[in-house]
Structures are given as C-alpha cells and as structure tokens.
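Heads up, the sequence shown is in numbering that gives the first Met the number 0, so the first residue is 0 and it goes up one at a time.
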Amino acid sequence: MWPPRYTHHESPSVRPSVAAAIDLRRHVGRGFLRATSHVGRFTALVVELFRGLAEWRIWFPRTIEQATNIGYGSLLIVLLIAGFAGAVTALQSGYQLEGGFVPVYYAGGVVASGVILELGPVLTALILAGRIGARYAAELGTMRVTEQIDALESLGRSPVTHLLLPRIISGIIVIPALVMIANAMGIASGYFASATTLDLTWSDFTYGARFFFKGPFDLWYSLIKAYFFSLAVTVIPCYIGYNTKQGAEGVGRATTTAVVAASITILLLDTTLAKVLLGQ
C-alpha cells in the first residue's frame, strides 16, 4: 500500500499534535467537572451536618462512644510520638549549642517553643490522620458498598446524623485534648533528654522555656491549630468514605485517598495558620 499523501497544508506531525490538544482539553474538562462535583457534594454534606445538629438525641450517645474509642485508642501512640519528638528536639538543640557561644538554657526555649507551636499539633494530627482518618473512611466506605447506608435512607433515617456527626464531633472534642497532652509529653521528654546530654537543670530548663514563651498566645495558637486539624482529620475521611463506589477496590482506594488528602490539608492549614496568626 502506498504511503498517504500530504498536501502543503498539512504534514504527518499535524494530526498527532491536534489529537494531543484534544486529549488535553478532554482531561482538563474532566478534571474541572470532577472538582466542581466534589465541591457541590461537599457543600451539601456540610449543610446536612448543620441540619443534623438539631437531632442531638441520636448523635449524642454515639459521640460519647466514638470519643472514648478515639481517646483511649490513640493515647499511647500520641504519647510515644510526642516523647520521641521532644527528645530529638533536645538532642539536636544540644548539638547546635556546642561550643559555649550560646547559653545552655536556650535549649529549654527551643524545646518548649518547638513542641507547642509546631511539633505537638502537627505530628499528632498526622498520626491521627493515618489512624482515625483511615478507620473512618474504611468503615463508611464498607457501609456504602454493602448498602447499609442505603438501608438507613430507605427506613427514613439520616445517615449523616447516625454515622457522620458522632465521628466528626468526637474528633473535634478529643483531638485538641490529645494535642495538649502531646505538648506536655514532648516538653517533659525534652527536659529529660536535655538533663542527660547537656547536664541542664530543671531551673535552667524552665528559665529558658519562660524566656522564649510569649504568654498565653502560644497555647492558644497550638489549640487553634488543633481544632482546625481535627476538622481535617474527621470531615475529609468521612466525606470520602461516605461517597465510596466500586466495591472492595473502592474502599481501599477511598482509605488511601482519605489519608493522603487529610495529611496534605493539615500541612496546608499549618502554613496558612502560621501566616495568618503569627503575622509573618
């Protein structure tokens, strides 16, 4: 067969370039439609959450149960992470302070400020995004693909009130408390590490911590971040799990997507809140 003939108006490279442009437009259009559909469904879900607050007799007992599971189940891992974070911060501070050019009590300020302002809230939120976020997405996704949520809707019950509100409210209550516990554990472990490696006394450590401590604002800053992170850890996995499709494969994909999306949101919120609240 003779090769195709091309006129002076077209060449063999024209058709592939046109096809690539069409494919690009198609992908951009699909991405835009997918994003707008997610925005619409997420907005509708938030509206349903606020409407469901009136039915407190339904979600309140389940919230107590979920809060107990989150608190007791996550306390050990939070203490471990905070303890190692505080100890590593103290050890790195000791390495930086070698030489005697900087007073040794600066280590107390570095540990206290680093744990309260950054390490305590962020590390706790990231750990809970993997533990609680994955659990929420898997539970709700399994309920969706096994038609348990559809059964609730057919009975005239609101899945948002029965399933989503208890998980979200319990996270908003418990996660900030876990962050405060992590802050205390990180500072305590940082002191013990400083006392071991730098021969830092408790009075020197507390003097350095108070020297760099900017009053109640630091604690409020940590608490505000904890509340925003708790929303990311609970709302995003609940939304993704609630809208799971395609059976068992969809449940696994939803679980992974929930953890990744919650973690990225936490980091974005961390940067945004630092810019807004610290004014830097």
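Where a beta carbon is used, it is the ideal one built from N, C-alpha and C, also for glycine.
With 16 other Cβ atoms within 10 Å as the buried cut-off, status of residue i
i, result
"T270", "exposed"
"W58", "buried"
"D198", "exposed"
"P175", "buried"
"G246", "exposed"
"R56", "exposed"
"V178", "buried"
"Y226", "exposed"
"S36", "exposed"
"K224", "buried"
Close beta carbons around residue i, own chain, < 6 Å, minus the five adjacent residues each side
i, result
"A192", "A86, A89, L90"
"I136", "Note that residue 136 is Ala in the sequence shown here, rather than Ile. Contacts found: P236, I239, G240, A253, T254, A257."
"M0", "Residue placement at M0 is poorly supported in this model, since its pLDDT is 45, which falls under 50; the coordinates still yield a value, given next. Hits under 6 Å: none found."
"L218", "none"
Three-state secondary structure assigned by DSSP to residue i
i, result
"L164", "helix"
"D198", "coil"
"Y5", "Its pLDDT being 47, under 50, Y5 is placed unreliably by the model, and the measurement read from it follows with that caveat. In the structure shown, Y5 sits in coil (DSSP, three-state: anything other than H, G, I, E or B)."
"L52", "coil"
"Y238", "helix"
"Q65", "helix"
"T243", "coil"
"E152", "helix"
"L96", "coil"
"T145", "coil"
"Y104", "coil"
"G39", "helix"
"F212", "coil"
"G70", "helix"
"G278", "coil"
"L157", "A quick correction: the sequence has Ser, not Leu, at residue 157. Coil at S157, not helix or strand."
Close beta carbons around residue i, own chain, < 7 Å, minus the five adjacent residues each side
i, result
"N182", "V114, I115, G119, S221"
"L151", "P158, H161"
"V103", "L96, L197, L199, D203"
"I69", "I131, S169, G170, V173"
Own chain, CB closer than 8 Å to residue i, minus 5 neighbours either side, in chain order
i, result
"L277", "Y220"
"I265", "V121, A124, L125, A128, F228, A231, V232"
"A261", "A128, G132, A231, V232, I235, P236"
Test item: CB-CB of residue i and residue j under 9 Å
i, j, result
"P165", "E64", "yes"
"I186", "V77", "no"
"G207", "Y71", "no"
"G82", "M184", "yes"
"I172", "T62", "yes"
"G287", "F212", "What the structure shows of the chain is the stretch from 0 to 279, and residue 287 is not part of that stretch, so it cannot be assessed."
"K244", "R156", "no"
"L44", "L154", "no"
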